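The structure under discussion appears below in the form of structure tokens.
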Amino acid sequence: MVKTIKDIEIENKKVIIRCDFNVPIENNHIIDDKRIISSLETIKYCLSKNCKIILMSHLGRIKEESDLKKNDLRIVSKRLSEVLHKNVKFINKTRGRKLEDAISSMKSKQIILIQNTRYEDLIGKKESSNDPELASYWASLGEVFINDAFATAHRSHASNVGIASHLPHAIGFLVEKELTHLEELKCPDKPSTVILGGKKVSDKIGVIENLLTKVDYLLIGGGMAFTFLKAEGYKTGMSIIDDESIDFCKNILKKYGDKIVLPVDTRTNKEFKDEGSIEHKDITEIDDNDIGLDIGEKTVTNFENILAKSKTVFWNGPLGVYELENFKIATDKILNYLVDNNIKTILGGGDVVASAKKAGVIDKIYYASTGGGATLEYLEGKDLPGLIE
Numbered sequence: 014m015v016k017t018i019k020d021i022e023i024e025n026k027k028v029i030i031r032c033d034f035n036v037p038i039e040n041n042h043i044i045d046d047k048r049i050i051s052s053l054e055t056i057k058y059c060l061s062k063n064c065k066i067i068l069m070s071h072l073g074r075i076k077e078e079s080d081l082k083k084n085d086l087r088i089v090s091k092r093l094s095e096v097l098h099k100n101v102k103f104i105n106k107t108r109g110r111k112l113e114d115a116i117s118s119m120k121s122k123q124i125i126l127i128q129n130t131r132y133e134d135l136i137g138k139k140e141s142s143n144d145p146e147l148a149s150y151w152a153s154l155g156e157v158f159i160n161d162a163f164a165t166a167h168r169s170h171a172s173n174v175g176i177a178s179h180l181p182h183a184i185g186f187l188v189e190k191e192l193t194h195l196e197e198l199k200c201p202d203k204p205s206t207v208i209l210g211g212k213k214v215s216d217k218i219g220v221i222e223n224l225l226t227k228v229d230y231l232l233i234g235g236g237m238a239f240t241f242l243k244a245e246g247y248k249t250g251m252s253i254i255d256d257e258s259i260d261f262c263k264n265i266l267k268k269y270g271d272k273i274v275l276p277v278d279t280r281t282n283k284e285f286k287d288e289g290s291i292e293h294k295d296i297t298e299i300d301d302n303d304i305g306l307d308i309g310e311k312t313v314t315n316f317e318n319i320l321a322k323s324k325t326v327f328w329n330g331p332l333g334v335y336e337l338e339n340f341k342i343a344t345d346k347i348l349n350y351l352v353d354n355n356i357k358t359i360l361g362g363g364d365v366v367a368s369a370k371k372a373g374v375i376d377k378i379y380y381a382s383t384g385g386g387a388t389l390e391y392l393e394g395k396d397l398p399g400l401i402e
């Protein structure tokens, strides 16, 4: 059983909290601080216990020198200071004397944020490979470790699995909430429905196989719908196809055809862009040079009819190319339908959460997971290495 922060002794101790501050930044401005806000409950709890708090997080990917500047966590320390109404000292190092001296001189209720853990990936990918020397070093900086970054729980990194192997450890409030809500999908209120979108079937095979044994309906949209349609014998034109998953689609349709609902129409274009020869077509009318970029109006109605009788909905992946205005229509309609009808919906992280934010309904959704890949792997039934007992 994974321990929570309330299960271990942290009072007056140096506590390392692995947060998820992997926020979107444009023009040196944080455009969505939800992940920062989500970290506050655990941080404030540690403050109430007179802890010395050492925060760690990654930001983006570090593959070359040019990635360092654009993935600097200093901007996060400023925003965190604002929302906490308390100074968060930023140390522009991931190791060394400056960091060690700053930590050794800390007083109770002081907070330090160290530089992006993935700076250690520049040479030898020491963070991402869970380098034992790096993990041991980071662990030496604290006395207790709290993992509150669910989005990286499916990765074995030095800043989560590595540190936890050396210190008393537990999960924070954010991770606890994630697990509590995702557990609801293992035995959902019936009837229950899963909506899956996105590009590739292969990314979601495990989720499809696992959830189809538990839910009543699987509604499929996005690019992956065309792989299923091709498996059914339909022409799909120039639409994205995951050819390696055709046989899987045929087999799963044969086994669970009574649960799986595919599009009956689509919005097409001749090019992957927001203007041009945009048409609404039944799936029997797709031409060789058509690209299906969104599900159509009839499909939206079919989906809504099923959702109307659903008590639990899990959704991962947009139903169309959401970044294009003309092909986000179906996703927006279904999001608003779920909200307007007060249907218990759990969004599975990633692009569908971003879609809900853009549509202005995120605060009306029952729960939006921060996970993405971690959420999908958890729902596949896989053990997440970051959740160490």
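Okay, so the sequence shown: first residue is 14 according to my numbering, each after it adds one. Every residue gets a Cβ at the ideal spot worked out from N, C-alpha and C, and that includes glycine. Note that the structure is a prediction, hence the values are computed from the model and not measured.
Annotation for Gly305: the continuous beta strand (DSSP E) segment containing it runs 304–308. Annotated three-state conformation of Asp295 is strand, per DSSP. Put simply, the backbone Cα of Lys138 is about 8 Å away from that of Arg131.
For Arg48, the enclosing alpha helix (DSSP H) stretches over residues 47–51.
Here Ala115 has Lys102, Ile104, Ile125 as same chain residues with Cβ atoms under 8 Å from its own Cβ, once five neighbours each way along the sequence are excluded. For Thr206, the enclosing beta strand (DSSP E) starts and ends at 205–209.
Sorting Arg48, Ile18, Lys19, Thr314 by C-alpha distance to the C-alpha of Ser382 places Arg48 at the top. DSSP, read as helix, strand or coil, puts Glu39 in strand. Residue range 386–393 is occupied by the alpha helix (DSSP H) that includes Thr388, with no beta strand (DSSP E) assigned at that position.
Sequence-distant Cβ neighbours of Leu348 in its own chain, meaning closer than 6 Å and more than five residues away, are Ala369, Ala372, Val374. Ranked by how close their Cα comes to the Cα of Glu222, the residues Asn41, Phe34, Gly394 have Gly394 in first place.
Around the Cβ of Gly236, a 10 Å sphere holds 16 or more other Cβ atoms; the residue is buried. Between the alpha carbons of Glu54 and Glu24 lies a gap of roughly 16 Å. C-alpha of Lys65 to C-alpha of Asp33: approximately 19 Å in a straight line. Cβ contact annotation for Asp307 (same chain, cutoff 7 Å, sequence separation greater than five): Thr279, Arg280, Leu332, Gly333, Val334, Phe340, Ile342, Ala343, in chain order. The straight-line gap separating the alpha-carbon atoms of Ile56 and Gly386 is approximately 25 Å. For Thr240, the enclosing alpha helix (DSSP H) starts and ends at 237–244. In the three-state reduction of the DSSP assignment, Tyr335 falls in the coil class. If you look at Asp80, you'll find it in the alpha helix (DSSP H) that goes 79–83.
Burial check for His98: the Cβ neighbour count within 10 Å stays below 16, so the residue is exposed. In this structure, the straight-line span from the alpha carbon of Glu22 to that of Lys82 is close to 37 Å. A distance of 9 Å or more separates the beta carbons of Leu86 and Ile43. Cβ contact annotation for Pro181 (same chain, cutoff 6 Å, sequence separation greater than five): Ile21, Val157, in chain order.
Within a 10 Å sphere around the beta-carbon of Met14 sit fewer than 16 other beta-carbons, which makes this residue exposed. Put simply, the backbone Cα of Leu192 is about 29 Å away from that of Glu95. Here the alpha carbons of Cys59 and Arg168 stand approximately 25 Å from one another. Along the segment 79–135, the beta strand (DSSP E) occurs as fully enclosed runs of 3 or more residues at 101–104, 124–127, listed in sequence order. Ranked by Cα distance from Val36, the first of Ser51, Glu284, Ser252 is Ser51.
Residue environment for Asn143: buried (at least 16 other C-beta atoms within 10 angstroms of its C-beta). Per DSSP, the continuous beta strand (DSSP E) segment holding His182 begins and ends at 182–184.
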